Amino acid sequence: MILVGLSFLVVSFKPAIEICRIAQASGWRVLFALICFFVLGYAGFAAYVYDSVDASHVTFGLSTILALGGLFVIVVVKLSKASLTKLQKSVDLEKYNSQHDHLTNLRNRPQCFKCIENRQRENARFSVVLYDLYNLKQINDAMGHFFGDKLLVEFAQALSNSLLPGSELFRIGGDEFVVVSEARNESALFAQNNAILSALHNGLVVEDVAVDVMYSSGAIINIPDERTSGSELLKRADIAMYAAKRSKQSLVLFDKALHQGVVSEFHMLNDFKSALARGDLTVFYQPIIEASSSKVHGVEALVRWPSDDGAYILPERFIPIAEKNNMIKYLSAYVINTVFSDLKILLQLNANLTVHINLSCQDLVGNNLINVLTSQIESKKVDPSRIIFELTESMVMTDVEQTKQLIEKLIDMGFSVSIDDFGTGFSSFSILKELPISQIKIDKSFVTKCLEQDKDRAIIETTLFLAKKLGCSVVAEGVENDETSRYLTKQGCTYIQGFNISEPLSLGEVKGWITSSGVIQTALRKY
(Lines of atoms letter the chains of each structure in order from A; the text may use other names.)
(Lines give C-alpha, C1' and ligand atoms only; values in the text may rest on other atoms or scores of the structure.)
Protein backbone atom coordinates (compact mmCIF):
# COMPACT_ATOMS: atom_id res chain seq x y z
CA MET A 1 0.00 0.00 0.00
CA ILE A 2 2.90 2.31 0.79
CA LEU A 3 4.33 1.66 -2.66
CA VAL A 4 0.93 2.49 -4.22
CA GLY A 5 0.90 5.82 -2.39
CA LEU A 6 4.51 6.41 -3.40
CA SER A 7 3.58 5.73 -7.03
CA PHE A 8 0.78 8.31 -6.81
CA LEU A 9 3.25 10.87 -5.48
CA VAL A 10 5.77 10.14 -8.23
CA VAL A 11 3.06 10.42 -10.90
CA SER A 12 2.06 13.82 -9.46
CA PHE A 13 5.56 15.19 -10.17
CA LYS A 14 4.85 16.07 -13.82
CA PRO A 15 1.55 17.95 -13.30
CA ALA A 16 3.10 19.70 -10.28
CA ILE A 17 5.98 20.89 -12.45
CA GLU A 18 3.47 22.10 -15.07
CA ILE A 19 1.57 24.00 -12.37
CA CYS A 20 4.76 25.75 -11.25
CA ARG A 21 5.47 26.72 -14.86
CA ILE A 22 1.96 28.08 -15.46
CA ALA A 23 1.32 29.77 -12.12
CA GLN A 24 4.76 31.25 -11.48
CA ALA A 25 3.79 31.57 -7.79
CA SER A 26 5.87 30.64 -4.71
CA GLY A 27 2.99 28.72 -3.09
CA TRP A 28 3.01 26.10 -5.84
CA ARG A 29 6.77 25.72 -5.55
CA VAL A 30 6.30 25.03 -1.82
CA LEU A 31 3.74 22.36 -2.75
CA PHE A 32 6.21 20.76 -5.15
CA ALA A 33 8.86 20.77 -2.40
CA LEU A 34 6.41 19.11 -0.01
CA ILE A 35 5.65 16.42 -2.58
CA CYS A 36 9.37 15.75 -2.87
CA PHE A 37 9.57 15.58 0.95
CA PHE A 38 6.59 13.20 1.03
CA VAL A 39 8.30 10.96 -1.52
CA LEU A 40 11.35 10.73 0.70
CA GLY A 41 9.17 10.09 3.75
CA TYR A 42 7.14 7.42 1.93
CA ALA A 43 10.34 5.77 0.70
CA GLY A 44 11.85 5.79 4.22
CA PHE A 45 8.70 4.35 5.78
CA ALA A 46 8.53 1.69 3.04
CA ALA A 47 12.13 0.68 3.84
CA TYR A 48 11.26 0.52 7.54
CA VAL A 49 8.26 -1.72 6.92
CA TYR A 50 10.28 -3.90 4.58
CA ASP A 51 12.92 -4.46 7.29
CA SER A 52 10.32 -5.19 9.99
CA VAL A 53 9.79 -8.85 10.83
CA ASP A 54 6.15 -8.53 11.76
CA ALA A 55 3.69 -6.09 10.20
CA SER A 56 1.18 -5.01 12.81
CA HIS A 57 -2.32 -3.74 12.24
CA VAL A 58 -1.04 -0.26 13.01
CA THR A 59 1.53 -0.52 10.28
CA PHE A 60 -1.12 -1.73 7.83
CA GLY A 61 -3.41 1.14 8.79
CA LEU A 62 -0.67 3.71 8.34
CA SER A 63 0.21 2.19 4.99
CA THR A 64 -3.42 2.52 3.88
CA ILE A 65 -3.58 6.13 5.04
CA LEU A 66 -0.36 6.94 3.20
CA ALA A 67 -1.70 5.29 0.03
CA LEU A 68 -4.89 7.37 0.23
CA GLY A 69 -2.76 10.45 0.97
CA GLY A 70 -0.81 9.84 -2.23
CA LEU A 71 -4.10 9.45 -4.12
CA PHE A 72 -5.35 12.70 -2.60
CA VAL A 73 -2.19 14.54 -3.69
CA ILE A 74 -2.37 13.37 -7.29
CA VAL A 75 -6.11 14.18 -7.52
CA VAL A 76 -5.57 17.67 -6.09
CA VAL A 77 -2.58 18.31 -8.34
CA LYS A 78 -4.34 17.12 -11.50
CA LEU A 79 -7.51 19.11 -10.75
CA SER A 80 -5.42 22.18 -9.96
CA LYS A 81 -3.51 21.76 -13.20
CA ALA A 82 -6.77 21.47 -15.17
CA SER A 83 -8.16 24.63 -13.54
CA LEU A 84 -4.95 26.58 -14.04
CA THR A 85 -4.66 25.39 -17.65
CA LYS A 86 -8.21 26.55 -18.35
CA LEU A 87 -7.50 29.86 -16.64
CA GLN A 88 -4.26 30.25 -18.60
CA LYS A 89 -6.09 29.64 -21.87
CA SER A 90 -8.61 32.29 -20.90
CA VAL A 91 -5.79 34.72 -20.06
CA ASP A 92 -4.01 33.89 -23.31
CA LEU A 93 -7.23 34.46 -25.28
CA GLU A 94 -7.85 37.77 -23.54
CA LYS A 95 -4.27 38.81 -24.25
CA TYR A 96 -4.64 37.79 -27.90
CA ASN A 97 -7.89 39.74 -28.24
CA SER A 98 -6.28 42.80 -26.67
CA GLN A 99 -3.51 42.67 -29.25
CA HIS A 100 -5.51 41.75 -32.35
CA ASP A 101 -8.40 43.07 -34.39
CA HIS A 102 -11.40 40.79 -33.89
CA LEU A 103 -12.52 40.98 -37.53
CA THR A 104 -9.34 40.37 -39.51
CA ASN A 105 -7.20 38.82 -36.74
CA LEU A 106 -4.49 41.31 -37.63
CA ARG A 107 -2.56 42.98 -34.85
CA ASN A 108 -4.01 46.29 -33.68
CA ARG A 109 -2.82 49.88 -33.15
CA PRO A 110 -0.85 49.35 -29.88
CA GLN A 111 0.96 46.40 -31.46
CA CYS A 112 1.70 48.55 -34.51
CA PHE A 113 3.40 51.13 -32.29
CA LYS A 114 5.32 48.37 -30.52
CA CYS A 115 6.51 46.97 -33.86
CA ILE A 116 7.71 50.40 -35.01
CA GLU A 117 9.51 50.99 -31.71
CA ASN A 118 11.22 47.59 -31.92
CA ARG A 119 12.50 48.32 -35.41
CA GLN A 120 13.68 51.75 -34.37
CA ARG A 121 15.66 50.22 -31.51
CA GLU A 122 17.45 48.15 -34.14
CA ASN A 123 18.35 51.39 -36.00
CA ALA A 124 16.69 49.87 -39.06
CA ARG A 125 15.64 51.74 -42.19
CA PHE A 126 12.03 50.80 -42.96
CA SER A 127 8.76 52.32 -44.16
CA VAL A 128 5.38 52.92 -42.56
CA VAL A 129 2.47 52.88 -45.02
CA LEU A 130 -1.09 53.82 -44.04
CA TYR A 131 -3.94 52.51 -46.23
CA ASP A 132 -7.50 53.84 -46.28
CA LEU A 133 -10.45 52.44 -48.23
CA TYR A 134 -12.31 55.50 -49.46
CA ASN A 135 -15.33 53.80 -50.98
CA LEU A 136 -16.21 51.60 -47.98
CA LYS A 137 -19.06 53.87 -46.87
CA GLN A 138 -20.78 53.60 -50.24
CA ILE A 139 -20.34 49.83 -50.16
CA ASN A 140 -21.76 49.62 -46.62
CA ASP A 141 -24.72 51.81 -47.61
CA ALA A 142 -25.41 49.73 -50.69
CA MET A 143 -24.68 46.20 -49.45
CA GLY A 144 -24.83 46.41 -45.65
CA HIS A 145 -22.19 46.44 -42.93
CA PHE A 146 -21.91 42.64 -42.76
CA PHE A 147 -20.90 42.64 -46.43
CA GLY A 148 -18.50 45.51 -45.74
CA ASP A 149 -16.88 43.52 -42.92
CA LYS A 150 -16.30 40.60 -45.27
CA LEU A 151 -14.78 42.99 -47.78
CA LEU A 152 -12.36 44.27 -45.14
CA VAL A 153 -11.24 40.70 -44.47
CA GLU A 154 -10.67 40.11 -48.19
CA PHE A 155 -8.80 43.39 -48.53
CA ALA A 156 -6.58 42.49 -45.58
CA GLN A 157 -5.79 39.16 -47.23
CA ALA A 158 -5.00 40.85 -50.56
CA LEU A 159 -2.68 43.27 -48.78
CA SER A 160 -0.97 40.49 -46.87
CA ASN A 161 -0.33 38.50 -50.05
CA SER A 162 1.20 41.51 -51.84
CA LEU A 163 3.68 42.72 -49.24
CA LEU A 164 7.43 42.55 -49.39
CA PRO A 165 8.97 39.69 -47.35
CA GLY A 166 9.45 40.69 -43.73
CA SER A 167 6.70 43.32 -43.81
CA GLU A 168 4.06 43.34 -41.08
CA LEU A 169 0.38 44.24 -41.48
CA PHE A 170 -1.89 45.84 -38.86
CA ARG A 171 -5.47 47.09 -38.74
CA ILE A 172 -5.57 50.23 -36.63
CA GLY A 173 -9.30 50.92 -36.89
CA GLY A 174 -12.25 51.25 -39.26
CA ASP A 175 -11.03 51.04 -42.82
CA GLU A 176 -7.41 51.91 -42.02
CA PHE A 177 -4.51 49.47 -42.27
CA VAL A 178 -0.82 49.99 -41.60
CA VAL A 179 2.10 48.15 -43.13
CA VAL A 180 5.50 48.31 -41.46
CA SER A 181 7.37 47.55 -44.64
CA GLU A 182 10.83 46.35 -45.54
CA ALA A 183 10.79 48.93 -48.35
CA ARG A 184 13.77 51.19 -47.75
CA ASN A 185 13.44 53.55 -50.71
CA GLU A 186 10.82 55.06 -53.00
CA SER A 187 11.22 52.50 -55.78
CA ALA A 188 10.57 49.62 -53.37
CA LEU A 189 7.48 51.39 -52.01
CA PHE A 190 6.05 51.93 -55.49
CA ALA A 191 6.88 48.34 -56.45
CA GLN A 192 4.93 47.13 -53.42
CA ASN A 193 2.06 49.48 -54.29
CA ASN A 194 1.99 48.18 -57.88
CA ALA A 195 1.76 44.63 -56.55
CA ILE A 196 -1.26 45.62 -54.44
CA LEU A 197 -2.91 47.39 -57.38
CA SER A 198 -2.40 44.28 -59.50
CA ALA A 199 -3.98 42.11 -56.81
CA LEU A 200 -7.01 44.41 -56.74
CA HIS A 201 -7.21 44.94 -60.50
CA ASN A 202 -10.17 42.61 -60.98
CA GLY A 203 -11.82 43.60 -57.72
CA LEU A 204 -12.46 41.45 -54.67
CA VAL A 205 -15.14 38.78 -54.66
CA VAL A 206 -17.45 38.80 -51.65
CA GLU A 207 -20.53 36.57 -51.60
CA ASP A 208 -20.09 35.99 -55.36
CA VAL A 209 -20.13 39.75 -55.97
CA ALA A 210 -17.09 41.39 -57.57
CA VAL A 211 -16.36 44.69 -55.83
CA ASP A 212 -13.99 47.37 -57.10
CA VAL A 213 -11.89 48.47 -54.15
CA MET A 214 -10.31 51.92 -54.14
CA TYR A 215 -7.76 52.98 -51.60
CA SER A 216 -5.40 55.82 -50.84
CA SER A 217 -2.13 55.30 -49.03
CA GLY A 218 0.55 57.49 -47.53
CA ALA A 219 4.10 56.40 -46.79
CA ILE A 220 7.02 57.65 -44.72
CA ILE A 221 10.52 56.17 -44.72
CA ASN A 222 12.11 55.91 -41.28
CA ILE A 223 15.61 57.38 -41.27
CA PRO A 224 17.46 56.13 -38.14
CA ASP A 225 19.51 59.32 -37.74
CA GLU A 226 16.36 61.48 -37.57
CA ARG A 227 15.04 59.62 -34.48
CA THR A 228 11.38 60.19 -35.36
CA SER A 229 8.90 58.72 -32.86
CA GLY A 230 6.46 56.01 -33.86
CA SER A 231 3.46 58.30 -33.36
CA GLU A 232 5.11 60.96 -35.53
CA LEU A 233 5.77 58.41 -38.29
CA LEU A 234 2.10 57.41 -38.30
CA LYS A 235 1.06 61.07 -38.25
CA ARG A 236 3.21 61.78 -41.30
CA ALA A 237 1.90 58.70 -43.11
CA ASP A 238 -1.61 59.96 -42.33
CA ILE A 239 -0.78 63.39 -43.82
CA ALA A 240 0.51 61.72 -46.98
CA MET A 241 -2.55 59.45 -47.13
CA TYR A 242 -4.94 62.42 -47.06
CA ALA A 243 -2.88 64.08 -49.78
CA ALA A 244 -3.33 60.91 -51.84
CA LYS A 245 -7.06 60.93 -51.16
CA ARG A 246 -7.41 64.57 -52.26
CA SER A 247 -5.47 63.94 -55.46
CA LYS A 248 -7.17 60.57 -56.14
CA GLN A 249 -3.83 58.73 -56.07
CA SER A 250 -3.13 55.30 -54.63
CA LEU A 251 0.19 56.31 -52.99
CA VAL A 252 1.81 59.56 -51.90
CA LEU A 253 5.14 59.78 -50.08
CA PHE A 254 5.51 62.24 -47.23
CA ASP A 255 7.83 65.21 -47.72
CA LYS A 256 8.48 68.54 -46.03
CA ALA A 257 6.16 70.39 -48.41
CA LEU A 258 3.26 68.22 -47.25
CA HIS A 259 4.10 68.92 -43.63
CA GLN A 260 4.27 72.65 -44.27
CA GLY A 261 0.90 72.43 -45.99
CA VAL A 262 -0.61 70.80 -42.92
CA VAL A 263 0.82 73.49 -40.64
CA SER A 264 -0.50 76.20 -42.96
CA GLU A 265 -3.90 74.50 -43.08
CA PHE A 266 -4.02 74.33 -39.29
CA HIS A 267 -3.40 78.07 -38.95
CA MET A 268 -5.87 78.89 -41.71
CA LEU A 269 -8.55 76.78 -40.03
CA ASN A 270 -8.09 78.63 -36.75
CA ASP A 271 -8.13 81.99 -38.53
CA PHE A 272 -11.26 80.95 -40.43
CA LYS A 273 -13.05 79.97 -37.22
CA SER A 274 -12.18 83.35 -35.71
CA ALA A 275 -13.26 85.24 -38.84
CA LEU A 276 -16.56 83.36 -38.91
CA ALA A 277 -17.19 84.05 -35.22
CA ARG A 278 -16.41 87.77 -35.64
CA GLY A 279 -18.51 88.09 -38.78
CA ASP A 280 -15.53 89.16 -40.89
CA LEU A 281 -16.62 87.17 -43.94
CA THR A 282 -18.36 89.12 -46.69
CA VAL A 283 -20.95 88.00 -49.22
CA PHE A 284 -20.50 89.33 -52.75
CA TYR A 285 -23.07 89.03 -55.51
CA GLN A 286 -22.39 88.25 -59.18
CA PRO A 287 -25.23 89.31 -61.51
CA ILE A 288 -27.02 86.86 -63.80
CA ILE A 289 -28.99 88.27 -66.75
CA GLU A 290 -31.57 86.98 -69.19
CA ALA A 291 -29.74 86.16 -72.40
CA SER A 292 -32.52 87.31 -74.72
CA SER A 293 -33.48 90.62 -73.04
CA SER A 294 -30.41 91.50 -70.93
CA LYS A 295 -32.73 92.04 -67.98
CA VAL A 296 -31.43 91.21 -64.54
CA HIS A 297 -32.52 87.72 -63.55
CA GLY A 298 -30.68 87.41 -60.27
CA VAL A 299 -27.36 87.22 -58.49
CA GLU A 300 -25.16 84.43 -57.15
CA ALA A 301 -24.01 84.80 -53.55
CA LEU A 302 -20.26 84.24 -53.27
CA VAL A 303 -18.46 84.38 -49.93
CA ARG A 304 -15.25 86.38 -49.61
CA TRP A 305 -12.74 86.47 -46.76
CA PRO A 306 -10.87 89.78 -46.47
CA SER A 307 -7.29 89.52 -45.22
CA ASP A 308 -5.38 92.05 -43.15
CA ASP A 309 -3.65 93.52 -46.23
CA GLY A 310 -6.95 94.41 -47.87
CA ALA A 311 -6.89 91.55 -50.39
CA TYR A 312 -9.26 88.59 -50.31
CA ILE A 313 -8.40 84.98 -49.49
CA LEU A 314 -9.69 82.86 -52.35
CA PRO A 315 -12.61 80.52 -51.58
CA GLU A 316 -10.63 77.76 -53.30
CA ARG A 317 -8.22 77.93 -50.36
CA PHE A 318 -10.50 78.04 -47.32
CA ILE A 319 -13.67 76.22 -48.42
CA PRO A 320 -11.94 72.80 -48.85
CA ILE A 321 -10.41 73.26 -45.38
CA ALA A 322 -13.82 74.13 -43.93
CA GLU A 323 -15.32 71.04 -45.59
CA LYS A 324 -12.55 68.77 -44.36
CA ASN A 325 -12.99 69.97 -40.76
CA ASN A 326 -16.82 69.91 -40.69
CA MET A 327 -17.05 73.70 -40.57
CA ILE A 328 -18.81 74.17 -43.90
CA LYS A 329 -22.31 73.90 -42.41
CA TYR A 330 -21.53 76.91 -40.23
CA LEU A 331 -20.34 78.80 -43.30
CA SER A 332 -23.53 77.86 -45.16
CA ALA A 333 -25.62 79.10 -42.23
CA TYR A 334 -23.59 82.34 -42.20
CA VAL A 335 -24.16 82.92 -45.94
CA ILE A 336 -27.87 82.09 -45.68
CA ASN A 337 -28.27 84.50 -42.78
CA THR A 338 -26.45 87.27 -44.70
CA VAL A 339 -28.37 86.69 -47.94
CA PHE A 340 -31.74 86.60 -46.19
CA SER A 341 -30.86 89.89 -44.49
CA ASP A 342 -29.78 91.47 -47.80
CA LEU A 343 -32.71 90.08 -49.78
CA LYS A 344 -35.17 92.74 -48.66
CA ILE A 345 -32.83 95.46 -49.97
CA LEU A 346 -32.27 93.65 -53.28
CA LEU A 347 -35.97 93.05 -53.87
CA GLN A 348 -36.68 96.75 -53.40
CA LEU A 349 -34.52 97.32 -56.48
CA ASN A 350 -35.97 94.43 -58.50
CA ALA A 351 -39.01 92.56 -57.21
CA ASN A 352 -38.37 89.60 -59.56
CA LEU A 353 -34.76 89.09 -58.52
CA THR A 354 -33.56 85.63 -57.45
CA VAL A 355 -30.50 84.88 -55.34
CA HIS A 356 -28.46 81.73 -55.95
CA ILE A 357 -26.83 80.15 -52.87
CA ASN A 358 -24.28 77.33 -53.07
CA LEU A 359 -24.60 74.32 -50.77
CA SER A 360 -22.00 71.73 -49.79
CA CYS A 361 -22.01 67.95 -49.32
CA GLN A 362 -22.30 68.34 -45.56
CA ASP A 363 -25.46 70.41 -45.98
CA LEU A 364 -27.13 67.32 -47.43
CA VAL A 365 -26.66 65.31 -44.23
CA GLY A 366 -29.17 65.56 -41.40
CA ASN A 367 -31.79 68.25 -40.83
CA ASN A 368 -29.50 71.13 -39.91
CA LEU A 369 -30.04 72.97 -43.21
CA ILE A 370 -33.82 72.63 -43.03
CA ASN A 371 -33.81 73.84 -39.43
CA VAL A 372 -31.67 76.86 -40.34
CA LEU A 373 -33.94 77.75 -43.26
CA THR A 374 -37.11 77.35 -41.20
CA SER A 375 -35.72 79.64 -38.53
CA GLN A 376 -34.53 82.24 -41.06
CA ILE A 377 -37.83 82.30 -42.93
CA GLU A 378 -39.73 82.91 -39.71
CA SER A 379 -37.36 85.58 -38.37
CA LYS A 380 -36.71 87.48 -41.60
CA LYS A 381 -40.03 86.90 -43.40
CA VAL A 382 -38.28 85.80 -46.58
CA ASP A 383 -40.13 84.68 -49.71
CA PRO A 384 -38.55 81.24 -50.50
CA SER A 385 -39.43 81.59 -54.20
CA ARG A 386 -36.69 84.25 -54.47
CA ILE A 387 -33.98 81.73 -53.50
CA ILE A 388 -32.34 79.11 -55.73
CA PHE A 389 -29.99 76.62 -54.08
CA GLU A 390 -27.13 75.27 -56.19
CA LEU A 391 -25.82 71.72 -55.78
CA THR A 392 -22.80 70.49 -57.71
CA GLU A 393 -23.08 67.38 -59.81
CA SER A 394 -20.42 65.56 -57.76
CA MET A 395 -22.33 66.33 -54.53
CA VAL A 396 -25.50 64.88 -55.94
CA MET A 397 -23.89 61.61 -57.02
CA THR A 398 -22.46 61.00 -53.54
CA ASP A 399 -25.92 59.89 -52.41
CA VAL A 400 -28.65 60.39 -55.00
CA GLU A 401 -31.49 59.18 -52.77
CA GLN A 402 -30.51 61.43 -49.87
CA THR A 403 -30.10 64.39 -52.23
CA LYS A 404 -33.49 63.70 -53.76
CA GLN A 405 -35.14 63.78 -50.33
CA LEU A 406 -33.46 67.10 -49.50
CA ILE A 407 -34.46 68.66 -52.82
CA GLU A 408 -38.06 67.59 -52.28
CA LYS A 409 -38.01 69.20 -48.82
CA LEU A 410 -36.59 72.43 -50.26
CA ILE A 411 -39.21 72.48 -53.00
CA ASP A 412 -41.98 71.85 -50.46
CA MET A 413 -40.70 74.90 -48.56
CA GLY A 414 -40.95 77.00 -51.74
CA PHE A 415 -37.29 77.08 -52.80
CA SER A 416 -35.89 76.11 -56.22
CA VAL A 417 -32.86 73.94 -56.95
CA SER A 418 -30.21 74.21 -59.65
CA ILE A 419 -27.46 71.76 -60.58
CA ASP A 420 -24.11 73.58 -60.75
CA ASP A 421 -21.08 72.50 -62.83
CA PHE A 422 -23.39 70.47 -65.07
CA GLY A 423 -21.56 68.21 -67.50
CA THR A 424 -18.37 67.79 -65.48
CA GLY A 425 -19.33 64.36 -64.12
CA PHE A 426 -20.30 61.06 -65.69
CA SER A 427 -23.92 61.00 -64.58
CA SER A 428 -25.33 64.30 -65.84
CA PHE A 429 -28.29 62.79 -67.69
CA SER A 430 -29.04 60.44 -64.81
CA ILE A 431 -29.35 63.48 -62.52
CA LEU A 432 -31.91 65.09 -64.82
CA LYS A 433 -33.91 61.87 -64.78
CA GLU A 434 -33.77 61.20 -61.03
CA LEU A 435 -34.03 64.65 -59.43
CA PRO A 436 -36.84 67.24 -59.47
CA ILE A 437 -34.66 70.19 -60.47
CA SER A 438 -35.79 73.30 -62.33
CA GLN A 439 -32.48 74.68 -63.57
CA ILE A 440 -29.01 73.61 -64.61
CA LYS A 441 -25.79 75.61 -64.88
CA ILE A 442 -23.39 74.72 -67.67
CA ASP A 443 -19.90 74.63 -66.23
CA LYS A 444 -17.55 77.40 -67.32
CA SER A 445 -15.03 74.80 -68.52
CA PHE A 446 -17.34 74.26 -71.51
CA VAL A 447 -18.30 77.92 -71.95
CA THR A 448 -14.98 79.78 -71.77
CA LYS A 449 -13.53 78.36 -75.00
CA CYS A 450 -16.70 77.15 -76.69
CA LEU A 451 -16.06 79.34 -79.76
CA GLU A 452 -12.77 77.54 -80.32
CA GLN A 453 -13.69 73.99 -79.34
CA ASP A 454 -16.17 71.96 -81.41
CA LYS A 455 -16.69 69.46 -78.58
CA ASP A 456 -17.54 72.22 -76.10
CA ARG A 457 -20.15 73.62 -78.48
CA ALA A 458 -21.59 70.14 -79.02
CA ILE A 459 -21.95 69.64 -75.25
CA ILE A 460 -23.54 73.08 -74.80
CA GLU A 461 -26.02 72.64 -77.65
CA THR A 462 -26.96 69.12 -76.54
CA THR A 463 -27.50 70.34 -72.98
CA LEU A 464 -29.67 73.24 -74.14
CA PHE A 465 -31.77 70.92 -76.32
CA LEU A 466 -32.22 68.41 -73.52
CA ALA A 467 -33.02 71.07 -70.92
CA LYS A 468 -35.68 72.55 -73.17
CA LYS A 469 -37.32 69.14 -73.57
CA LEU A 470 -37.27 68.63 -69.79
CA GLY A 471 -38.57 72.11 -68.99
CA CYS A 472 -35.40 73.29 -67.22
CA SER A 473 -33.92 76.74 -67.57
CA VAL A 474 -30.18 76.97 -68.27
CA VAL A 475 -27.51 79.30 -66.89
CA ALA A 476 -24.18 79.48 -68.72
CA GLU A 477 -21.40 80.59 -66.37
CA GLY A 478 -17.96 81.81 -67.34
CA VAL A 479 -19.09 84.16 -70.13
CA GLU A 480 -16.13 86.45 -70.72
CA ASN A 481 -16.72 88.16 -74.07
CA ASP A 482 -19.44 89.52 -76.36
CA GLU A 483 -19.00 86.77 -78.97
CA THR A 484 -19.73 84.05 -76.42
CA SER A 485 -22.79 85.97 -75.21
CA ARG A 486 -24.12 86.22 -78.77
CA TYR A 487 -23.49 82.53 -79.45
CA LEU A 488 -25.27 81.39 -76.27
CA THR A 489 -28.22 83.70 -76.91
CA LYS A 490 -28.55 82.38 -80.46
CA GLN A 491 -28.56 78.80 -79.18
CA GLY A 492 -31.42 79.56 -76.79
CA CYS A 493 -29.56 79.75 -73.48
CA THR A 494 -31.88 81.18 -70.81
CA TYR A 495 -29.42 83.09 -68.61
CA ILE A 496 -25.76 84.08 -68.78
CA GLN A 497 -23.25 84.87 -66.05
CA GLY A 498 -19.61 85.85 -66.08
CA PHE A 499 -17.08 88.65 -66.08
CA ASN A 500 -18.42 89.93 -69.40
CA ILE A 501 -21.60 90.78 -67.51
CA SER A 502 -20.05 91.71 -64.17
CA GLU A 503 -17.53 90.55 -61.64
CA PRO A 504 -18.79 89.67 -58.12
CA LEU A 505 -19.82 92.87 -56.33
CA SER A 506 -20.35 93.95 -52.75
CA LEU A 507 -23.92 94.67 -51.64
CA GLY A 508 -23.43 98.41 -52.16
CA GLU A 509 -21.90 97.87 -55.60
CA VAL A 510 -24.55 95.42 -56.77
CA LYS A 511 -27.27 97.86 -55.73
CA GLY A 512 -25.73 100.43 -58.05
CA TRP A 513 -25.33 97.84 -60.80
CA ILE A 514 -28.98 96.78 -60.64
CA THR A 515 -30.12 100.39 -60.58
CA SER A 516 -28.13 101.20 -63.70
CA SER A 517 -28.92 97.90 -65.44
CA GLY A 518 -31.17 99.72 -67.91
CA VAL A 519 -28.08 101.21 -69.49
CA ILE A 520 -26.45 97.79 -69.70
CA GLN A 521 -29.60 96.28 -71.20
CA THR A 522 -29.49 98.86 -73.95
CA ALA A 523 -25.86 98.08 -74.66
CA LEU A 524 -26.51 94.33 -74.78
CA ARG A 525 -29.80 94.43 -76.68
CA LYS A 526 -28.02 93.66 -79.94
CA TYR A 527 -27.33 90.13 -78.65
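Residue numbers for the sequence shown follow full-length UniProt numbering, beginning at 1 and rising by one. Even for Gly, the Cβ is constructed at its ideal location relative to N, Cα and C. Remember, it's a predicted structure, so these values are computed and weren't measured experimentally.
Three-way DSSP call (helix, strand, coil) for residue i in this model
| i | result |
| --- | --- |
| residue 368 | helix |
| residue 266 | helix |
| residue 503 | coil |
| residue 414 | coil |
| residue 315 | helix |
| residue 419 | strand |
| residue 109 | helix |
| residue 438 | coil |
| residue 509 | helix |
| residue 354 | strand |
| residue 99 | helix |
| residue 526 | The predicted model places residue 526 with a pLDDT of 48, which falls under 50 and marks its position as unreliable; any figure quoted below should be read in that light. Looking at residue 526 - three-state DSSP - the assignment turns out to be coil, as it is neither helix nor strand. |
| residue 204 | strand |
| residue 445 | helix |
| residue 386 | helix |
| residue 165 | coil |
| residue 302 | strand |
Exposure label - residue i; buried when at least 16 CB within 10 Å
| i | result |
| --- | --- |
| residue 93 | exposed |
| residue 329 | buried |
| residue 348 | exposed |
| residue 148 | buried |
| residue 260 | exposed |
| residue 462 | exposed |
| residue 241 | buried |
| residue 257 | exposed |
| residue 344 | exposed |
| residue 209 | exposed |
| residue 226 | exposed |
Enclosing alpha helix (DSSP H) for residue i [first to last residue]
| i | result |
| --- | --- |
| residue 156 | 145-162 |
| residue 453 | Counting along the chain, residue 453 falls outside any alpha helix (DSSP H), and DSSP gives it neither H nor E. |
| residue 393 | 393-398 |
| residue 238 | 230-246 |
| residue 186 | 186-199 |
| residue 335 | 328-349 |
| residue 485 | 482-490 |
Limits of the unbroken beta strand (DSSP E) element including residue i
| i | result |
| --- | --- |
| residue 210 | 209-211 |
| residue 295 | Premise fails: residue 295 is in no beta strand (DSSP E) and is neither H nor E. |
| residue 218 | 215-222 |
| residue 131 | 126-133 |
| residue 286 | 282-290 |
| residue 177 | 176-181 |
| residue 173 | 168-173 |
| residue 251 | 251-253 |
| residue 477 | 473-477 |
| residue 497 | 495-497 |
Proximal residues to residue i (C-beta, below 7 Å), its chain only, five neighbours per side dropped
| i | result |
| --- | --- |
| residue 322 | 272, 328, 331 |
| residue 456 | 446, 449, 450 |
| residue 155 | 133, 204, 213 |
Contacting residues, own chain, Cβ-Cβ under 8 Å from residue i (five flanking each side not counted)
| i | result |
| --- | --- |
| residue 509 | none |
| residue 395 | 359, 360, 361, 364, 403 |
| residue 499 | 479, 480 |
| residue 458 | none |
| residue 224 | 120, 123, 124, 125 |
| residue 141 | 399 |
| residue 413 | 370, 373, 374, 377, 384 |
| residue 100 | 106, 107, 108, 111 |
| residue 415 | 373, 384, 385, 387, 388, 389 |
Supposed contact pair residue j and residue i - C-beta distance, whole angstroms, cut 8 Å
| i | j | result |
| --- | --- | --- |
| residue 126 | residue 222 | 5 Å |
| residue 264 | residue 193 | Contact doesn't hold; Cβ gap of about 27 Å is too wide. |
| residue 380 | residue 341 | 7 Å |
| residue 306 | residue 280 | 7 Å |
Close Cβ partners of residue i (< 6 Å) along its chain, the five nearest in sequence each way excluded
| i | result |
| --- | --- |
| residue 346 | 353 |
| residue 492 | 464 |
| residue 517 | 296 |
| residue 58 | Any reading at residue 58 is ruled out, since the residue's pLDDT is 48, under 50, leaving its predicted position unreliable. |
| residue 507 | 342 |
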